[in-house]
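See structure below.
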Amino acid sequence: LAKTTQPISMDSYEGQEVNITCSHNNIATNDYITWYQQFPSQGPRFIIQGYKTKVTNEVASLFIPADRKSSTLSLPRVSLSDTAVYYCLVGDSNDMRFGAGTRLTVKP
Amino acid sequence: DTGVSQDPRHKITKRGQNVTFRCDPISEHNRLYWYRQTLGQGPEFLTYFQNEAQLEKSRLLSDRFSAERPKGSFSTLEIQRTEQGDSAMYLCASSYTSGRSSYEQYFGPGTRLTVT
Chain A
13 LAKTTQPISM
23 DSYEGQEVNI
33 TCSHNNIATN
43 DYITWYQQFP
53 SQGPRFIIQG
63 YKTKVTNEVA
73 SLFIPADRKS
83 STLSLPRVSL
93 SDTAVYYCLV
103 GDSNDMRFGA
113 GTRLTVKP
Chain B
49 DTGVSQDPRH
59 KITKRGQNVT
69 FRCDPISEHN
79 RLYWYRQTLG
89 QGPEFLTYFQ
99 NEAQLEKSRL
109 LSDRFSAERP
119 KGSFSTLEIQ
129 RTEQGDSAMY
139 LCASSYTSGR
149 SSYEQYFGPG
159 TRLTVT
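First to last, the sequence lines map onto chains A and B.
With my numbering as the guide, the letters of the first sequence map in order to residues 13 to 120.
With my numbering as the guide, the letters of the second sequence map in order to residues 49 to 164.
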């Protein structure tokens, strides 16, 4: 069971790029890396998922080094509405565990 | 389809009472998950179903908790003899999963339970 470690909180300013790194030293061969975003009083929302190298979609990029022991979620040009908690999950479809997440605060 | 729905959105109950929550997943999804979330913490996995079969239960799910998913459609989560420690947000999520391949869970808005 892979365990993840993320910073508890991060601050940024509008328009900046934000990178949140997650450590998962015990990741297994079948495990995927998935990131979710959660606003207060709402359920988490899927952001991006990857297995190796780089994945990009319309809202974020996910960078995964060759050893897969860490991953970095990159949010380009954040806005105030990106203030939320971001969770890194590692596992396959049979195993999904949330950690405490990273509380991102975007300031004007 | 409008996504995962949960009912009720809020529930206040007295200690010792039984409560039941309902989750309606996205119709074509074969997996349904229940989580519990307390303030400042990430969601804690409780249990999940593949179609109507309950495949895994967390040790957090004491004997007072029971979940069902009859006919592989909606699911209910019942808590018997509620305790103040059961106060939390109960989240439901669904996904379409084949084998162990990648997946994306869609979460409902949650049911906030307050036990007084």
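Beta carbons are placed, not taken as given, at the ideal position from N, Cα and C, and that holds for glycine.
{"query": "Min CB distance Gly103 of chain A to chain B below 7 Å", "result": "no"}
{"query": "Residues, ordered as in the chain, of the stretch 66 to 79 of chain B that lie near chain A by beta-carbon distance below 8 Å", "result": "Arg79"}
{"query": "Per DSSP, cross-strand counterpart(s) of Asn31 of chain A", "result": "A:Ser86"}
{"query": "Residues within the stretch 64 to 95 of chain A neighbouring chain B, beta-carbon criterion of under 7 Å", "result": "none"}
{"query": "Arg63 of chain B burial status per 10 Å Cβ neighbour count (16 or more: buried)", "result": "exposed"}
{"query": "Assumed close pair Thr95 of chain B, Gln102 of chain B - CB separation to whole angstroms, cut-off 8 Å", "result": "6 Å"}
{"query": "Close-in-space but distant-in-sequence residues of the same chain around Ile119 of chain A (CB under 6 Å, 5 per side omitted)", "result": "The sequence as given places Lys at residue 119 of chain A; Ile does not occur at that position. Here the set comprises Tyr25."}
{"query": "Inter-residue spacing [alpha-carbon to alpha-carbon] between Phe41 of chain B and Cys34 of chain A", "result": "No statement about residue 41 of chain B is possible, as the shown extent of chain B runs from 49 to 164 and does not include it."}
{"query": "Where the beta strand (DSSP E) containing Lys105 of chain B begins and where it ends", "result": "Ala101 to Lys105"}
{"query": "Proximity of Asn42 of chain A and Asp104 of chain A at Cβ, strictly below 7 Å", "result": "yes"}
{"query": "Cα-Cα separation, Leu92 of chain A to Thr68 of chain A", "result": "21 Å"}
{"query": "Proximal residues of chain A, C-beta to C-beta of Phe122 of chain B below 9 Å", "result": "Chain A residues near Phe122 of chain B: none, gap ~17 Å exceeds 9 Å."}
{"query": "Within chain E, partners of Leu139 of chain B - CB distance below 7 Å", "result": "In the structure shown, chain E does not exist; the protein chains are A and B."}
{"query": "Backbone secondary structure at Gln132 of chain B - three-state DSSP", "result": "helix"}
{"query": "Length-filtered (3 minimum) beta strand (DSSP E) runs lying within the stretch 49 to 107 of chain B", "result": "53 to 55, 58 to 61, 67 to 72, 79 to 85, 92 to 98 and 101 to 105"}
{"query": "Sequence-distant residues of its chain with Cβ nearer than 6 Å to Tyr99 of chain A (five each side left out)", "result": "Tyr48, Phe110 and Gly113"}
{"query": "Best match in A:Pro77, A:Asp107, A:Ile39 and A:Glu29 for proximity to Lys64 of chain A [C-alpha to C-alpha]", "result": "A:Pro77"}
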